[in-house]
Amino acid sequence: MVQPIDGRRTKKLVERNLKLYNCYVLSTIDDNQLITNDNTFEIRLDVNDEIFTEKEREKLQFIQYIMKRYNRLRILDKKIIYFTYMIKEKVNDGYIANVLGFDLNYYYRIKKIAIINMAYALNVEVYEGDSNEND
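Count along the sequence shown starting at 1, add 33, and that's the number in the numbering used here.
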């Protein structure tokens with residue numbers, strides 16, 4: 034039997050990874066190197082790997098890992114994760130729900146599912162009853 038997911042701790046880990054992703058993007062990549070497809074919300078990176086230092090390469094590998102995992106999600110999940118965590122301008126949930134054309138209550142339900150799907154993609158899901166020292 035599959036154990037239920039601990040939504041609070043799982044969300045915390047996903048947010049931690051996406052916050053680190055945003056910090057690394059700010060410190061290593063120019064705006065014109067990040068390419069977003071407006072139809073599928075896939076994110077690609079257009080960089081020349083030779084110009085980075087070793088530390089920047091490690092950051093770049095993490096960025097590419099997050100992008101690959103993010104790009105595996107459904108389009109709706111990608112939209113929610115993108116607007117909530119991956120753009121520079123932070124917007125509130127009401128605005129995102131309005132852009133997506135959803136009622137706020139419905140948006141909160143699908144946002145929870147999108148975060149859990151991102152956790153599965155990143156392999157950071159936490160199950161109820163698991164002890165975790167990262168809390």
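Glycine residues also receive a C-beta, built at the ideal position from the N, C-alpha and C atoms. In this text the structure is predicted, and so the values were computed from the model without any measurement.
- As summarised for the segment 94-118, the continuous alpha helix (DSSP H) elements at least 4 residues long and confined to that stretch are 108-114, given in chain order.
- Selection ARG102, LYS112 and ALA147 evaluated against TYR54 yields ARG102 as nearest (Cα-Cα).
- Note on geometry: alpha-carbon atoms of TYR115 and LYS123 lie some 11 Å from one another.
- Taking a 10 Å sphere around the C-beta of ILE76, we find 16 or more other C-beta atoms and assign the residue as buried.
- Contact check for LEU51 against MET119 passes: the beta carbons are separated by less than 8 Å.
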